[in-house]
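Residue 203 in this note's numbering sits at position 196 of the sequence shown, and the numbers go up by one each step.
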Amino acid sequence: MAKTPLILGVLASGSGRTLQNFIELQAAGHLETRIGVVIASRPGLGVLDKAAAAGLRSFVVDPRTFPSPRLCAERIFSLLDAAAVDLVCLAGWLSLLEVPQAYRARVMNIHPALLPGFGGKGMYGHHVHQGVLDAGCKISGCTVHFVDSTYDTGPIIVQRTCPVLEADSADTLAARVFEEEKLAYPQAIRLFQAGNLRLEGRRVRISRG
Numbered sequence: 008m009a010k011t012p013l014i015l016g017v018l019a020s021g022s023g024r025t026l027q028n029f030i031e032l033q034a035a036g037h038l039e040t041r042i043g044v045v046i047a048s049r050p051g052l053g054v055l056d057k058a059a060a061a062g063l064r065s066f067v068v069d070p071r072t073f074p075s076p077r078l079c080a081e082r083i084f085s086l087l088d089a090a091a092v093d094l095v096c097l098a099g100w101l102s103l104l105e106v107p108q109a110y111r112a113r114v115m116n117i118h119p120a121l122l123p124g125f126g127g128k129g130m131y132g133h134h135v136h137q138g139v140l141d142a143g144c145k146i147s148g149c150t151v152h153f154v155d156s157t158y159d160t161g162p163i164i165v166q167r168t169c170p171v172l173e174a175d176s177a178d179t180l181a182a183r184v185f186e187e188e189k190l191a192y193p194q195a196i197r198l199f200q201a202g203n204l205r206l207e208g209r210r211v212r213i214s215r216g
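Written as structure tokens, this is what we have:
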């Protein structure tokens, strides 16, 4: 049975477009969630402005200020625990995150390419889309996956595709991919909320019951 509302924790390192998408879907009744906390990786990011405008509680946890990734992760997950978060959604979070066992299969990320291609350290934003164009791909898209201990290698939950056009630049392709992201991430959240995701090794089994 679905938990309503599902409490989300959102981690971001940029403008907060994905956060804004969640906020708008919630307001329209298309996503039965509540955002318990927003964590930004730097001060002054646009995601903090969007969180403030929506009246959401937010914090800055800058990985550069911690002596180790483990200590940074401890701070992040202490904030998530305090907000009683059910599901953590990485929304353009650019630092490697050490996920504790208690959060296994409770942390998702969205990547603007069809993994396992065009992933890994340094493959984010413009770099991903330019890589797709340079490789001559005819399709691109996005991938929602559970987060493991390395960049972009966790078990895949949902993928959506879009065409790569002859006249595309990295920016025009990015805009088309983001339209798919706006659909894929909520889909993955709803599947999680309904209890329809089962992790078997590196595969995510999706039930429809």
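Beta carbons: idealized from backbone N, C-alpha and C, even for Gly.
- Separation of L204 and Y192 (C-alpha to C-alpha, rounded to the nearest whole angstrom) is 14 Å.
- Between the region 77-84 and the region 147-162, the count of C-beta pairs closer than 8 Å stays below three; the two stretches do not touch.
- Taking a C-beta distance under 8 Å as the contact criterion, V17 and S48 do not qualify as a contact pair.
- Taking every protein chain shown into account, the CB of I213 has fewer than 16 other CB atoms within 10 angstroms, so this residue is exposed.
- When the alpha-carbon of P12 is set against those of L101, D88, H37, R209, the nearest one is in H37.
- Taking one beta carbon from each stretch, the region 23-43 and the region 123-139 have fewer than 3 pairs nearer than 8 Å; the two do not touch.
- Less than 8 Å separates the beta-carbon of A61 from that of I30.
- Annotation: the region 140-206 contains the following complete segments of the alpha helix (DSSP H) (minimum length 4 residues), in chain order: 177-200.
- With contacts defined by Cβ atoms closer than 8 Å, G53 and G99 do not form a contacting pair.
- When DSSP assignments are scanned along the region 30-60, the uninterrupted stretches of alpha helix (DSSP H) that are 4 or more residues long and fall wholly within it turn out to be 53-60.
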